[in-house]
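Below: the structure, in structure tokens.
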Ligand code: FES
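In this note's numbering, the protein residues as written are -10 to 560.
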């Protein structure tokens, strides 16, 4: 691409009053005139926020990106977008993923930017930035913030998955409040995002497997100096991507999405991967359906021995060689010819990858587990599907029939779960509704409901749990999630009553409510929605337009893209 055809020159290349205005105000930052004369302008889309602790180091990371941009002859401009911190935002960060994506999309399109570097970290900051960028489709590269160092508590390794274990231990009396406070300071002991294969790490692997980042982006710890080196190289590379006019649409092909699904199966990635990848595909106009996850995961063994499915942490994953080793091990199971942001193919990028710890990253011949990363089930309880992560589930519950114990919403669950009078045993199936996209609203990560205290005290560690919500990527258990359609829009989960029999058969891909059709029809005609409905603002728009989980929970009017042209062009 020649310097005169750069998008940014529609602003900075102008003469007269308009060009004066576009440049003059920028010059108040001490920018010399030559920066505006044909250098690729690189936006650094920053989700830095002290309210998003996983991304709190991003200003420093942005400086490394800038060094690379300048080195390659570009003009870097950093800009903030809405940042979504998983741990603080109420009612749930997922409610705002689509809003943040709108911020990103409009910020990129509205400004004189030729290429963009997306700084992503905490769970939702990756999909929201990628979704927004896809709807503009200019040259784009992702730099992830990197995982935290492994936590250390009482001489052992800990990380986010231990939150659930600590919670159960405190509830069963095996851990004191004082011990819990000590553990709190031991877990998040460095910059970075959650240090297991939770959603943030899954998202970082997703962008790398899609070809949207430089190789090794996913696993370098945030505190490792090589994270900054990768950021600098990414800054350098995006300038060349602009010159080559290498856009997202050249990288995000149907084959690239299939690669991401297969890699996700091999790493035991989060169930949230499904929702976010569907939403990204929707922005790119790539036809991707829930069943594609099942089909493409089938036959891919779990290679990464990482929590929550396995033993190790993201730090160990990096020292063992990281995602390139997994991608190399998958060999012909991946579409090797897919193009990536560095201009090389998937196959070329990983040809020389070496495993340094064969217990952390196993080979195809001797995998960590043979179960695939994600299973999709269907039945009268979820006519549009539901997902489950077999690698994090209990083998003895993969085929199970039990009595339903129904919680009408999350408040009902909290009020009754530890009631000694609750009629429940280890064979029961816990059902939680009104936690879907519309019903909560925002589809929170509450699907891996904690087990009732009285059962925990009996030593029960897992039960079948079913909901129209999501689960934290750090969670585990035999948890069926994302039931679609959700209860709030009349899905069958809204009709389940205490004592109904439910049958789960993961191998048979089935989830059935064993109640006859006539009875269900009678219940359906008596049913009325009872979820909270927002009366104004963004949440009202969200509830009116959000799509169901099997479509990625994006808003209907955000699917697809509008390109990089601005709608009107006069000052
Ligand atoms: Fe930010 Fe886990 S809370 S990645």
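Just so you know, even glycine gets a beta-carbon here, dropped at the ideal spot from N, CA and C.
Contact under 9 angstroms by Cβ, residue i with residue j
| i | j | result |
| --- | --- | --- |
| residue 246 | residue 281 | yes |
| residue 492 | residue 484 | no |
| residue 420 | residue 432 | no |
| residue 264 | residue 436 | no |
| residue 312 | residue 358 | no |
| residue 218 | residue 63 | no |
| residue 183 | residue 136 | yes |
| residue 92 | residue 189 | no |
| residue 176 | residue 140 | yes |
| residue 370 | residue 472 | yes |
| residue 204 | residue 338 | yes |
| residue 350 | residue 310 | yes |
| residue 129 | residue 199 | no |
| residue 555 | residue 215 | no |
| residue 164 | residue 249 | no |
| residue 239 | residue 53 | no |
| residue 57 | residue 230 | no |
| residue 178 | residue 547 | no |
| residue 465 | residue 161 | no |
| residue 364 | residue 379 | yes |
| residue 426 | residue 80 | no |
| residue 74 | residue 43 | yes |
| residue 157 | residue 440 | yes |
| residue 495 | residue 388 | yes |
Presumed contact (8 angstroms Cβ cut-off) between residue i and residue j, rounded CB distance
| i | j | result |
| --- | --- | --- |
| residue 470 | residue 458 | 7 angstroms |
| residue 38 | residue 90 | Not confirmed; about 16 angstroms, so no contact. |
| residue 422 | residue 456 | 7 angstroms |
| residue 122 | residue 266 | Their Cβ separation, rounded to whole angstroms, is 15 angstroms, which puts residue 122 and residue 266 out of contact at 8 angstroms. |
| residue 443 | residue 474 | That belief does not hold up - the Cβ atoms of residue 443 and residue 474 are roughly 33 angstroms apart, past 8 angstroms. |
| residue 550 | residue 124 | 4 angstroms |
| residue 32 | residue 102 | 4 angstroms |
| residue 326 | residue 336 | 7 angstroms |
| residue 256 | residue 119 | At roughly 18 angstroms, the Cβ-Cβ gap does not stay under 8 angstroms, so residue 256 and residue 119 are not in contact. |
| residue 36 | residue 66 | Residue 36 to residue 66, Cβ: 16 angstroms. No contact. |
| residue 303 | residue 185 | 7 angstroms |
| residue 180 | residue 212 | 6 angstroms |
| residue 467 | residue 382 | 4 angstroms |
| residue 294 | residue 341 | About 22 angstroms separates the two Cβ atoms, so there is no contact after all. |
| residue 366 | residue 498 | 5 angstroms |
| residue 552 | residue 477 | About 34 angstroms separates the two Cβ atoms, so there is no contact after all. |
| residue 187 | residue 259 | 6 angstroms |
| residue 251 | residue 322 | 6 angstroms |
Burial state of residue i (16 or more Cβ within 10 Å)
| i | result |
| --- | --- |
| residue 418 | buried |
| residue 225 | buried |
| residue 171 | exposed |
| residue 537 | buried |
| residue 126 | buried |
| residue 362 | buried |
| residue 403 | exposed |
| residue 398 | buried |
| residue 307 | buried |
| residue 569 | The question about residue 569 has no answer here: the residues shown for the chain are numbered -10 through 560. |
| residue 41 | buried |
| residue 447 | exposed |
| residue 274 | exposed |
| residue 20 | exposed |
| residue 480 | buried |
| residue 134 | buried |
| residue 518 | exposed |
| residue 234 | exposed |
| residue 529 | exposed |
| residue 107 | buried |
| residue 454 | buried |
Any C-beta of chain C under 9 angstroms from that of residue i
| i | result |
| --- | --- |
| residue 176 | The displayed structure is made up of one protein chain only, and chain C is not part of it. |
Complete runs of the beta strand (DSSP E) confined to the stretch 430 to 512 [at least 3 residues]
453 to 456, 490 to 494 and 499 to 502
Hey, which unbroken runs of the alpha helix (DSSP H) at 4 residues or more fall wholly within the stretch 136 to 194?
151 to 160 and 166 to 176
Runs of 4 residues minimum, wholly inside the stretch -6 to 64: which ones carry the alpha helix (DSSP H) assignment?
-2 to 1, 5 to 13 and 47 to 60
I'd like the ranges of any beta strand (DSSP E) spanning at least 3 consecutive residues and lying wholly in the stretch 347 to 409.
364 to 368, 371 to 377 and 388 to 396
Complete runs of the alpha helix (DSSP H) confined to the stretch 230 to 268 [at least 4 residues]
237 to 240 and 243 to 256
Which residue spans inside the stretch 98 to 126 form an unbroken alpha helix (DSSP H) run of at least 4?
114 to 123
Contiguous alpha helix (DSSP H) assignments of at least 4 residues, all confined to the stretch 516 to 549:
526 to 534
Within the stretch 293 to 346, ranges of the alpha helix (DSSP H) (whole runs, at least 4 residues):
303 to 308, 312 to 319 and 335 to 339
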